Amino acid sequence: GREGGVPPPPLVYGPGAAGNMRALVKLVATGLPLPLGGIHNRRSLIYVGNLADAVVTVLEHRDAAGGTFLVQDGAPVSTADLVRAIAAALGRPARLVPVPRGLMALGAALTGTRAVFDRLAGTLTVDDGPIRERLGWRPPHDLASGLRATAEWFKASRG
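Going letter by letter, the sequence shown gives residues 593 to 751 in our numbering.
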């Protein structure tokens with residue numbers, strides 16, 4: 593067998609988003625204050641349009657053979673910054689309340705939602721250096737434009 597491991601992919605978002613991203617957009621859209629202001633993690637994200645573009649690049653580039661390429665939109669963001677960006681894309685104010693991470697973790701453990709909290713507050717970053725350096729790939733969409741497309745879809749589909 594092959595030694596080593598494969599890191600989990602970054603959070604994929606865009607029109608049709610499901611799971612955690614859809615739930616987060618829906619939560620931000622409520623306008624309720626969210627206790628996420630004290631989370632200072634780092635998360636790599638990838639817009640579905642950027643992911644598709646990266647796949648095409650890998651399939652078509654002669655220097656891609658034998659490579660493993662991880663992708664992200666750009667610099668990782670914190671959950672709090674992601675909430676701010678989602679709120680901006682939805683045209684709403686971000687209502688973040690700074691609650692200490694330890695207190696949130698305790699609350700999550702007591703309510704049986706520790707796994708959800710860990711996904712929301714955890715750090716997960718990828719190194720996209722190889723696809724950028726070896727293949728010259730750059731994401732065609734930045735976080736703001738990807739979230740705008742996601743927000744437009746969310747509003748049109750009514751969440």
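Each residue gets a CB set at the ideal place from its N, CA and C atoms; glycine is no exception.
Computed from a predicted model, the values in this text were never measured in an experiment.
For LEU603, the enclosing beta strand (DSSP E) begins and ends at 603-605.
Residue state for VAL663 is assigned as coil, using DSSP reduced to three classes. When DSSP states are grouped into helix, strand and coil, VAL689 belongs to the coil group. Runs of the alpha helix (DSSP H) lying entirely within the region 612-674 and spanning at least 4 residues, in chain order: 640-652. Looking only at LYS747, ARG750, THR717, the smallest Cα-Cα distance to ILE638 is reached by THR717. Per the Cβ contact rule, the region 668-677 is in contact with the region 685-696 (3 or more Cβ pairs under 8 Å). Distance from the Cα of VAL640 is smallest, within the candidate group GLY738, GLU744, LYS747, SER749, for GLY738. Ranked by how close their Cα comes to the Cα of LEU651, the residues PRO731, LEU727, ARG740 have LEU727 in first place. By the CB criterion at 8 Å, PHE709 and VAL617 fall outside the cutoff.
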